[in-house]
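Chains as they are written, first to last, in UniProt numbering: chain S, 1 to 374; chain L, 1 to 374. Heads up, the beta-carbon is just placed ideally off N, CA and C, and yes, glycines get one too.
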């Protein structure tokens, strides 16, 4: 069979305060068109349908409408799971009814074990989960991390494998070795750690959600679809789209989705940015992230640039290390606060704290400690 | 046909901080039992399924489970509408799928005009609405209040009347002449005004939601079902339950629902309340509203009473006028603030402001006005 693999729609998301309703609807229209042109037998949505556990009414209406169009109007079967951004309980509403029209939605672990059967393929829909849910389900206190929990879940799934069919896993987690962008919640911190890809090798295809880069993982049969839109500056150069997967014989091609309004990074000087040759090239509806090459102070630069780029979403200095580039994972939290501060200052400014700055910092830290009763 | 008429479940509601999950589940179990014993052909839920537009995850799971049991497990058709406490958009999720199992849920006005057809009865499911929705639907700018809007809606419904069938309206509003309790949102203020009952006379039965007293309106064929639980002290003496309605020949009987834990008002002195003969009579799980007959000051009385009545929900003095009794609708807001305050003081204490109290009040009012720049 042939299916379309997408994920991370994040309906309801805003980009630095800008509503993305139009962009999301335009991307969805393309997904529909691709599904029809490619004559897919099903559409897989691998989690994070919503951006928030508590989506707004408008977001609820928007997603409901999309699912209605895809499933009820176009008649495409849907295979979906909840991601870490979704509220499993809220997303679950109505799911017992959805099966009647082949809209298969799984938000709880117990249901993940039962495959959804197609003529030549079994789909296992594994929602985002925490280890405690696996401990409860299997009544096994040893399932303390995501790796041991997933190992147990996959073993259980394999008992249901029909040898005459292909086996597809739909899941939402971080696979070890993947590369990240800035717009994904770092869910592996405090709960969901990286999953080793060796646990996934028995499936004919693994349709992943969570990471927004389709090339986050370089494997033939274990893939992130990536998001449909660029949700952060670090995604500016990524190609967005969906995978079209044939299960037998296996084939996987990427079909691009073109953003209605692009996200563009401009690394320029202020004078270049405000020259007509420059700003006339950029649609006023594009989302623009500016990396300013100037070193001098420019008064009210963000507001001034907004006159030329109405949808400016961020402003950074190209020289001087950026906040985003700090390797958060390698911060040694065992250092004392003064040393942490000194390191941070150095990271940001490439300079050392002066004697006077050290004195101010020491005073502030000591005041804080007193307030906290330390 | 025979149907069960209920409304105002208010799933997720708390009673002065106490969770009502257990009470709501127990009431629901009785509704299920009544539906089976009475062999009803359908269950009508006339709005306010949830207590809030944004119900908690637990409330969402609880209501979903109830609907699944009633509709999918017992196989009872459901006819439901959104009330003023529900978010139409959120409640609507999945409704296109629900029809397949005869769960008919209407949250928008356009769908209200189309009857749901049963063998001998047509149901018109009219959700809670605002006049602007009728203006938009009918493109008629003259529909400025609820009365003219409803008149127009009913005219439209009547064009769909099948003369061979009975006609039932399910709606959620305040019908003129009904008596209120304290736990209903006063929706007629600022938008939804009272509906004259003459607009409803062409229906064989009108199944109403909104008011929590089954006897709020004394009409044979236009009835509130009332809520399933007592949600305020003013409901302590009301009988709760559901109507069982036969459409042909018309018959309407009330079947009580017994609260798992009752709400009791005790009008007693402190000494009486803390005597074993008294508190031993009252289950520690009952919700107790105390009207204290003492006039003297009793230190820390609420906390002391909680030792005997763990679920005490309110404490008032039986003598001295109560806040609830003030006739809010007759407050003249055109008076100046000082006069309003003096009237209020009189309402509460039956005394006049002293010269010194007047001076303090004048100082506070003048300070407030300055802060607001008046």
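**Message:** With distance defined between alpha-carbon atoms, name the residue in S:316, S:361, S:113 nearest to residue 297 of chain S.
**Reply:** Locating residue 297 of chain S in the first chain gives position 297, counting from the first residue. If we check each option's Cα against that of residue 297 of chain S, S:316 comes out closest.
**Request:** Rounded to whole angstroms, what's the CA-CA distance from residue 9 of chain S to residue 343 of chain L? Just pull it up for me.
**Result:** Stepping through the first chain from its first residue, residue 9 of chain S is reached at position 9. Stepping through the second chain from its first residue, residue 343 of chain L is reached at position 343. Rounded to the nearest angstrom, the two C-alpha atoms are 57 Å apart.
**Prompt:** Whose C-alpha, out of S:372, S:157, S:34, is nearest the C-alpha of residue 110 of chain S?
**Reply:** Position 110 of the first chain holds residue 110 of chain S. The shortest C-alpha separation from residue 110 of chain S is found at S:157.
**Asked** residue 52 of chain L CB to nearest chain S CB: under 9 Å?
**Response** Along the second chain, read from residue 1 onward, the residue named residue 52 of chain L stands at position 52. Chain S contact via Cβ: absent.
**Request:** Could you check which residue in S:84, S:53, S:41 has the C-alpha nearest to that of residue 7 of chain S?
**Result:** In the first chain, counting from the first residue as 1, residue 7 of chain S sits at position 7. Of the candidates S:84, S:53, S:41, the one whose C-alpha sits nearest the C-alpha of residue 7 of chain S is S:84.
**Asked** Is it buried or exposed for residue 218 of chain S, if we count other Cβ within 10 angstroms and need 16 for buried?
**Response** Looking up residue 218 of chain S in the first chain gives position 218. Exposed: under 16 other Cβ atoms inside 10 Å.
**residue 44 of chain S versus S:21, S:177, S:29, S:170, residue with shortest Cα-Cα distance** = Position 44 of the first chain, counted from the first residue, corresponds to residue 44 of chain S. Of S:21, S:177, S:29, S:170, the residue nearest in Cα terms is S:170.
**Item:** 6 Å Cβ shell around residue 359 of chain S - same chain, five flanking residues per side excluded
**Value:** Residue mapping note: residue 359 of chain S aligns to position 359 of the first chain, counting from 1. Result list for residue 359 of chain S: empty, nothing under 6 Å.
**Asked** For residue 275 of chain S, which three-state DSSP category applies?
**Response** By 1-based counting over the first chain, the position of residue 275 of chain S is 275. Reduced to three states, the DSSP call for residue 275 of chain S is coil.
**Request:** Starting from the C-beta of residue 294 of chain S, find all residues in its chain whose C-beta is less than 6 Å away, skip the five residues before and the five after it, and write them out in chain order.
**Result:** Within the first chain, numbered from 1, the residue matching residue 294 of chain S stands at position 294. Only 269, 270 meet the Cβ criterion.
**Prompt:** Alpha carbon to alpha carbon, how far is residue 222 of chain S from residue 357 of chain S?
**Reply:** In the first chain, counting from the first residue as 1, residue 222 of chain S sits at position 222. In the first chain, counting from the first residue as 1, residue 357 of chain S sits at position 357. So the alpha carbons of these two residues sit roughly 51 Å apart.
**Prompt:** What residues match up with residue 19 of chain L in a beta bridge as DSSP calls it?
**Reply:** Against the second chain, residue 19 of chain L aligns to sequence position 19. Looking at the DSSP assignment, residue 19 of chain L forms a beta bridge with L:14.
**Asked** Based on the DSSP secondary-structure assignment, which residues constitute the bridge partners of residue 44 of chain L?
**Response** Residue mapping note: residue 44 of chain L aligns to position 44 of the second chain, counting from 1. Answer by DSSP bridge pairing, in chain order: L:5, L:79.
**Prompt:** For residue 98 of chain S, which residues from the same chain have a beta carbon less than 6 Å from its beta carbon, with the 5 sequence-adjacent residues on both sides left out?
**Reply:** If you number the first chain from 1, residue 98 of chain S lands on position 98. Here the set comprises 105.
**Message:** Looking at residue 46 of chain S: is its Cβ nearer than 9 Å to the Cβ of residue 208 of chain S?
**Reply:** Position 46 of the first chain holds residue 46 of chain S. Position 208 of the first chain holds residue 208 of chain S. For residue 46 of chain S and residue 208 of chain S, yes; Cβs fall inside 9 Å.
**Request:** State the start and end residues of the unbroken alpha helix (DSSP H) segment that holds residue 257 of chain L.
**Result:** As a first step, residue 257 of chain L is located in the second chain; it is residue number 257 there, counting from the start. Premise fails: residue 257 of chain L is in no alpha helix (DSSP H) and is neither H nor E.
**Prompt:** Under three-state DSSP, which class holds residue 207 of chain S?
**Reply:** Mapped onto the first chain, residue 207 of chain S falls at position 207. Residue state, collapsed to three classes: strand.
**Prompt:** If you drop the 5 nearest sequence neighbours on each side, which residues of the same chain put their C-beta closer than 8 Å to that of residue 286 of chain S?
**Reply:** Residue numbering aside, residue 286 of chain S sits at position 286 when the first chain is read from its first letter. The answer, listed in chain order, is 261, 262, 263, 264, 309, 311.
**Message:** Pull the bridge partners of residue 317 of chain L from the DSSP assignment, please.
**Reply:** Stepping through the second chain from its first residue, residue 317 of chain L is reached at position 317. DSSP, once it has assigned bridges, lists L:292 as partnering residue 317 of chain L.
**Request:** Verify whether the separation of the beta carbon atoms of residue 213 of chain S and residue 233 of chain S is less than 9 Å.
**Result:** Counting from 1 along the first chain, the entry for residue 213 of chain S is found at position 213. Counting from 1 along the first chain, the entry for residue 233 of chain S is found at position 233. Not in contact: residue 213 of chain S and residue 233 of chain S (Cβ atoms no closer than 9 Å).
**Request:** Please go through the same chain and pick out, in chain order, the residues whose beta-carbon is closer than 7 Å to the beta-carbon of residue 34 of chain S, but skip the five residues on each side of it.
**Result:** The residue given as residue 34 of chain S occupies position 34 in the first chain. Closer than 7 Å at Cβ, skipping near neighbours: 4, 242, 255.
**Request:** Could you run through the region 65-85 of chain L and flag, in chain order, every residue whose CB is less than 8 Å away from some CB of chain S?
**Result:** 68, 72
**Item:** Length of the line joining the Cα atoms of residue 137 of chain L and residue 147 of chain L
**Value:** Within the second chain, the letter at position 137 stands for residue 137 of chain L. Within the second chain, the letter at position 147 stands for residue 147 of chain L. Each residue's alpha carbon lies about 16 Å from the other.
**Asked** Among all the DSSP beta bridges, which residues are the ones paired with residue 281 of chain L?
**Response** Here residue 281 of chain L refers to the residue found at position 281 of the second chain. Per DSSP, none; premise fails for residue 281 of chain L.
**Prompt:** Can you name, in chain order, every residue of its own chain whose Cβ lies under 6 Å from the Cβ of residue 133 of chain S, other than the five neighbours on each side?
**Reply:** Counted from its first residue, the first chain places residue 133 of chain S at position 133. 109.
**Message:** Whole angstroms are fine: how far does the CA of residue 61 of chain L sit from the CA of residue 89 of chain S?
**Reply:** Here residue 89 of chain S is taken as the residue at index 89 of the first chain, counted from 1. Here residue 61 of chain L is taken as the residue at index 61 of the second chain, counted from 1. Roughly 6 Å separates the two Cα atoms.
**Request:** Residues of the region 142-163 of chain S with a CB closer than 9 Å to any CB of chain L: list them in chain order, please.
**Result:** none
**Prompt:** According to DSSP, which residues form a beta bridge with residue 287 of chain S?
**Reply:** By 1-based counting over the first chain, the position of residue 287 of chain S is 287. Answer is S:263, bridged to residue 287 of chain S.
**Request:** Closer than 9 Å by beta-carbon distance: list the chain S residues that pair up with residue 221 of chain L, in chain order.
**Result:** As a first step, residue 221 of chain L is located in the second chain; it is residue number 221 there, counting from the start. Going along chain S, no residue has its Cβ under 9 Å from residue 221 of chain L, so there is no contact; the nearest lies around 33 Å.
**Asked** Along chain L, in chain order, which residues have C-beta atoms closer than 8 Å to that of residue 42 of chain S?
**Response** Sequence index remark: in the first chain, residue 42 of chain S carries index 42 (1-based). Per Cβ cutoff of 8 Å: no residues; residue 42 of chain S is ~17 Å from chain L at best.
**Request:** List the whole-angstrom C-beta distance separating residue 229 of chain S from residue 20 of chain S, where the pair is believed to meet the contact cut-off of C-beta under 8 Å.
**Result:** Within the first chain, the letter at position 229 stands for residue 229 of chain S. Within the first chain, the letter at position 20 stands for residue 20 of chain S. Right, their Cβ atoms sit about 6 Å apart.
**Asked** CA-CA distance, residue 210 of chain S and residue 162 of chain L?
**Response** Counting from one through the first chain, the residue named residue 210 of chain S turns up at place 210. Counting from one through the second chain, the residue named residue 162 of chain L turns up at place 162. Each residue's Cα considered, the two are about 53 Å apart.
**Asked** If we ignore side chains and look at the alpha-carbon of each, how far apart do residue 203 of chain L and residue 50 of chain L end up?
**Response** Walking along the second chain from the start, residue 203 of chain L turns up at place 203. Walking along the second chain from the start, residue 50 of chain L turns up at place 50. If I take the Cα positions, the gap works out to 27 Å.
**Message:** Can you tell me where the alpha helix (DSSP H) holding residue 138 of chain L begins and where it ends?
**Reply:** Here the question's residue 138 of chain L lines up with position 138 in the second chain. Residue 138 of chain L -> alpha helix (DSSP H) spans 131-138.
**Request:** Mind listing the chain S neighbours of residue 60 of chain L? Cutoff is C-beta to C-beta under 7 Å, in chain order.
**Result:** Working through the second chain from its first residue, we reach residue 60 of chain L at position 60. The contacting residues are 89, 90, 93.
**Distance between beta carbons of residue 226 of chain S and residue 197 of chain S, contact taken as under 8 Å** = Taking the first chain and counting its residues from 1, one reaches residue 197 of chain S at position 197. Taking the first chain and counting its residues from 1, one reaches residue 226 of chain S at position 226. That pair is no contact at about 17 Å.
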